[in-house]
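Numbering (UniProt numbering), first residue to last: 1 to 281. We put the CB at the ideal spot given by N, CA and C, even for glycine. Worksheet: one structure, shown below.
Printed below as a string of structure tokens:
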């Protein structure tokens, strides 16, 4: 395929519940950004190809798999370097959001949350950011979106900030975990938020996610999804219509339930009902 036939594509999202965060998914083949700056952080995951970033007087290569970390107010450019184009996913958290996340990690005030290195390679954080991006653009629960947001930027702030934040000691909180677990089990059909669970348990959001994961083997959002799917399976086997099951167990719609159900159980709700009927015949 000739290069001139390839289509550049840009998608941009903003969410009412995340007013301090914007996200983008872009594929470029010829585009070059003029020198500019942002009032917020720019965090990008390079999906394929290679781009160049001019930043602080130096040109940097950004290959597939790398992360680009640009600070507010810093002039930079960006353009395609590889002949096959350049694709990336970008997240733009405002300073207020970064401060809020930092406050969940430690009470120690940091004079700077800036990132000194514009290009880093960290497959684990890249995986976190991919999951965050997917949670934001798809029909993930509020709890899942908030959890990946917190987890991703906690990793960045503790590993790559100019003044890295220190993680608190991982003390056990069995009562807090019990409260959070019971709340999830009782309200699984609702749009539970991480801030609700944190307020209920008296822990910071980060500490709650950490101790819950260490105790249960799953973070709160994954536990919520597990409970929803277990309830959905029980309702299906009891004869409840699929469309009703989706609404009664907190899924956006029938297709959302089907995708999640197959991912965990390996079959669709319809296949489950068919196999159950055949066993009864």
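In the structure shown, the three-state DSSP call for residue 244 is helix. Membership of residue 196 in the alpha helix (DSSP H) is indicated by the continuous run 194-201.
Within the same chain, 191, 192, 221, 224, 225, 250 come within 8 Å of residue 141 by CB-CB distance, once the 5 residues on both sides are set aside. Annotation for residue 214: the continuous alpha helix (DSSP H) segment containing it runs 205-216. For residue 39, there is no enclosing alpha helix (DSSP H), since its DSSP letter is neither H nor E. DSSP places residue 265 in the uninterrupted alpha helix (DSSP H) bounded by 254-265.
Note: residue 148 is not bridge-paired with any residue in the DSSP secondary-structure output. In the three-state DSSP reduction, residue 87 falls in the strand class (E or B). DSSP places residue 167 outside both helix and strand once states are collapsed to three, so it counts as coil.
Taking one beta carbon from each stretch, the stretch 179-186 and the stretch 199-207 have 3 or more pairs nearer than 8 Å; the two touch. In this structure, the CA atom of residue 196 is about 25 Å from the CA atom of residue 158. A distance of 8 Å or more separates the beta carbons of residue 121 and residue 166. For residue 26, there is no enclosing alpha helix (DSSP H); the residue is found in the beta strand (DSSP E) stretching over 18-28. Boundaries cannot be given for residue 75, as no beta strand (DSSP E) includes it and DSSP labels it neither H nor E.
Using a Cβ distance threshold of 8 Å, residue 68 and residue 44 count as a contacting pair.
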